[in-house]
Structures are given as C-alpha cells and as structure tokens.
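Asker: Quick note, the sequence shown lines up with residues -16 to -1, 1 to 208 if you use mature numbering (1 follows the signal peptide of the UniProt record, and there is no 0).
For each residue, glycine too, the CB sits at the ideal point set by N, CA and C.
Note that the structure is predicted; figures quoted are calculated from it, not measured.
The structure under discussion is supplied below as structure tokens; questions concerning it will follow.
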Amino acid sequence: MKLKLFFIAVFTVVCAFVACKKGDDSIGIKQYTSVNFINATADTVNVYVNGSRVNTTNSLYPLGASGYINSLLGEQNYQVRKAGKPDVLFSLPASLDSGKVYSFYIAGNSPGQAFTDVDTLKNTPDTLLLRFVHTSPNLGQVDVRVGNTVDTLLFSNRDFKTTSPFVAVGPGIKRIRIYKAGTSTLLSDDTFTLNDNRAYTLFTKSGLSANGGSASGAKILTYR
C-alpha cells in the first residue's frame, strides 16, 4: 500500500511539473529586430543565419539590398554564400540588441570585409538626408563631394567600414564624386536624382580601387 502511494505521489509531481512547463509563456519565444543586408560586391549572394536562409524572397544582387527583414536577437552566426553555390564564402558572428535596427554590409569574400552598423534614423525625415558608407576595402581614405557646377565637400577622410552621420542636402539631380582623400584624384563619378523628404545611403562598389578614374563606382539606396 505504501509503495502504491509512493508511485501516486511521484506521478502527481511529474504531472504538475509538465503542466507548469506548458504554462510557461517565456519558453520558446523568439525575439527579432530588423536588418537590411546590403551587397556591395559584384556577385549575387545569399545570407544564412544558423543554416537557414534569411533573404528568402530574392537573392542579393550586385549593389542591391534585401530591405529590412526580421533577424533573431542576440549573437547569431551569419553565413554568406554565392547564389546557387553550397560553399560558404565566410561566417561572421554578430550580436543584435533589442530596440535597434541594423545594416549588414557585404564588401568581399572574407569576414574582414563585412560589417554591421546601427541605423540611427528612426523616422522618415522632413528634409532630404544623405549618409556615406565606405564599402571598398582596397580604396583607402576618401572624400565625397556633391554638386553640379561647384563641388561641396560633404564627407572627408572616410575610412573603410565607417558610416557617416546623415547630412541635409538639397533635392534634385546631383553629381557625386569620390576622391582619394586630400587630393584631386578622382575615383568615382556618378549622377543621382535625390527626392525631398527621403533619407539615402550612398555606398561604394567593393571592387573600387585607388588607381583613379571617372567610372561609376557608387550606388545610392533609399534608407527608409
């Protein structure tokens, strides 16, 4: 009889524990933030987190972006692969915090040529804003000038993997030229149409070099 009561007591404790686990809403809840994956390379790539593809709608085409998509909070292992290829180009652990929105830049085929940055602008601006992100690992420091007849130095001495603050500029057709920092050596010459009440990200092609030239070497994306 005592043995029977013992087994009944054990069974009751186990049932209570299982019921408690089922009622614990904190277990298994996954939290996310938003990440925009930007491909500055000449290859079409895909991004994976812990083995699962993140950009499920479309591949990241050269100089393209995923747009802001959900990504798990905390430290995750990001893997980048060329589209249609099983081999991993590189893996990069990155930690994402709650309450923050990120951009993830792919600027080459190694973890040293990729980086994340916290996006600071949370709402659509009431003016035109532009920021510059240096995504060319072999370019060195650069200056960015904006203007048609007269160049205005907008960003100076920018290093690889740096993101400038947003700067207000006027709307319209803008000629944007990138120079080797402190010199008149032209590295990139582009013309873009910028609209008011928008925030834009200007970034460089990853393969841009410091040899000089006047070819297109930059791309602009609408931030929000």
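Roughly how many angstroms separate the alpha carbons of S50 and Q125, rounded to a whole number?
Answerer: Cα to Cα, the separation comes out at about 27 Å.
Asker: Per DSSP, what kind of secondary structure is residue 217 in: helix, strand or coil?
Answerer: Residue 217 cannot be examined here, being either before or after the span of the chain that is shown, -16 to 208.
Asker: Can you tell which of V134, P121, D180 has its C-alpha closest to the C-alpha of T188?
Answerer: Answer by Cα proximity: P121.
Asker: May I ask you to verify whether the segment 169 to 180 touches the segment 89 to 103, counting CB pairs closer than 8 Å and requiring at least 3?
Answerer: Not touching, per the Cβ criterion.
Asker: What are the boundary residues of the beta strand (DSSP E) that K158 is part of?
Answerer: Looking at the DSSP string, the run of the beta strand (DSSP E) that includes K158 is 156 to 164.
Asker: Give me, in chain order, the residues of the same chain whose beta-carbon lies closer than 6 Å to that of T177; leave out the 5 immediate sequence neighbours on both sides.
Answerer: Contacts found: I157.
Asker: Could you tell me whether the Cβ atoms of F21 and F88 are closer together than 8 Å?
Answerer: Contact flag set, yes.
Asker: Where does D9 land, buried or exposed, given buried means 16+ other C-beta within 10 angstroms?
Answerer: Low confidence applies here, because D9 scores a pLDDT of 49, under 50, leaving its location unreliable and the question unanswered by this model.
Asker: Return the chain-ordered ranges of every beta strand (DSSP E) run that is complete within the segment 60 to 126 and spans a minimum of 3 residues.
Answerer: Here the runs fully enclosed are 72 to 80, 85 to 90, 98 to 103, 113 to 117.
Asker: Give the secondary structure of L47 by DSSP, where H, G and I count as helix, E and B as strand, and everything else as coil.
Answerer: The answer is coil: DSSP assigns L47 none of H, G, I, E or B.
Asker: Around the C-beta of residue 244, are 16 or more other C-beta atoms found within 10 angstroms, so that it is buried, or is it exposed?
Answerer: Past the edges of the chain, shown from -16 to 208, lies residue 244, and the structure says nothing about it.
Asker: If I'm right that L112 touches D180 with Cβ under 8 Å, what's the distance once you round it to whole angstroms?
Answerer: Going by Cβ atoms, the distance from L112 to D180 rounds to 5 Å, so yes, they are a contact pair.
Asker: By how many angstroms is the C-alpha of V19 removed from the C-alpha of K69?
Answerer: Distance between the alpha carbons of K69 and V19 is about 23 Å.
Asker: Considering D27, what are the terminal residues of the beta strand (DSSP E) in which it resides?
Answerer: That residue, D27, is in no beta strand (DSSP E); it is neither H nor E in DSSP.
Asker: When the Cα atoms are used, what is the spatial distance from I204 to T185?
Answerer: Going from the Cα of I204 to the Cα of T185 covers about 6 Å.
Asker: Between which two residues does the beta strand (DSSP E) carrying I204 extend?
Answerer: Counting along the chain, the beta strand (DSSP E) containing I204 begins and ends at 202 to 206.
Asker: CA-CA distance, S55 and Q63?
Answerer: Spanning the two alpha carbons is a distance of roughly 13 Å.
Asker: Quickly, what does DSSP pair R182 with across the bridge? List them, please.
Answerer: Answer is none; R182 lacks a bridge partner.
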